[in-house]
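I have placed the structure first, in the form of structure tokens, so that the comments after it can refer back to it.
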Amino acid sequence: MMVSTACILGANRIHRYRYASLLALYSVSEKTLQRWQDSVSEEVTKKKLGQIKERVLKPEEDLPEINIEDERTLFFDRYSGRYFRSSSIETVRKIVNDMNDRMYAEDYVSINDFYWGVGLPNVEFGGEIGWNISDGPIKIEFDSYLKDDRPVVTVNFKGLNPRSYR
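Counting from 0, one number per residue, gives the positions in the sequence shown under numbering that gives the first Met the number 0.
Right, dumping it as structure tokens:
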């Protein structure tokens, strides 16, 4: 029994160090990306910036076929690379507002809470990624592109933290 407990504690310690390293790497990458985006937006025209943004927001690979008969708006989640449908942008904003209310009551929410709200299955590490009340309210950004001559609204979160937000 003692050996099992020691092994569990040792494995937990190793995983904590790996997780901390991953978080540090992500933090550096996020800051570098933000500096790069700020620099690009200062150097290029608004029209060119819009073209760059449109090209970046389009998914790189062909994803499964989408039911285009559905009248609801098609959304693309940048974080998970998945499509979902909702009645409107305002409906998605309401889900985020409800998450903010829950975060104020419970101190944190995860990205899987958002996915549950829009009807998507959870992602593997979605319980480890989210928002903490100390970071302020959840901020969401929408953009769009055309897929098969139909509009797709992209969803991107500001301040999504892959850290121990609990």
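Beta carbons are placed, not taken as given, at the ideal position from N, Cα and C, and that holds for glycine. Since the model is a prediction, treat every value here as computed from it, not as a measurement.
Query                                                                                                                                                   : Result
Comparing C-alpha positions only, which one of Ser40, Lys47, Ser86 and Met102 sits nearest to Gly118?                                                   : Ser86
Compute the distance between the beta-carbons of Met102 and Val95, then report whether it is under 8 angstroms.                                         : no
Considering Cα atoms alone, identify which of Asp100, Asp106, Asp97 and Glu53 is closest to Val152.                                                     : Glu53
Who are Thr31's beta bridge partners in DSSP?                                                                                                           : Partner(s): none; Thr31 has no beta bridge.
Check the DSSP bridge columns for Asn155 and list the partner residues they point to.                                                                   : Glu140
Under 7 angstroms Cβ to Cβ from Glu140, same chain only, skipping five residues before and after it: list those, please.                                : Asn155 and Lys157
Ordered along the chain, which non-local residues of its own chain (more than five positions away) have a Cβ less than 6 angstroms from that of Val204? : In the structure as shown, the chain begins at 0 and stops at 165. Residue 204 is therefore absent and cannot be evaluated.
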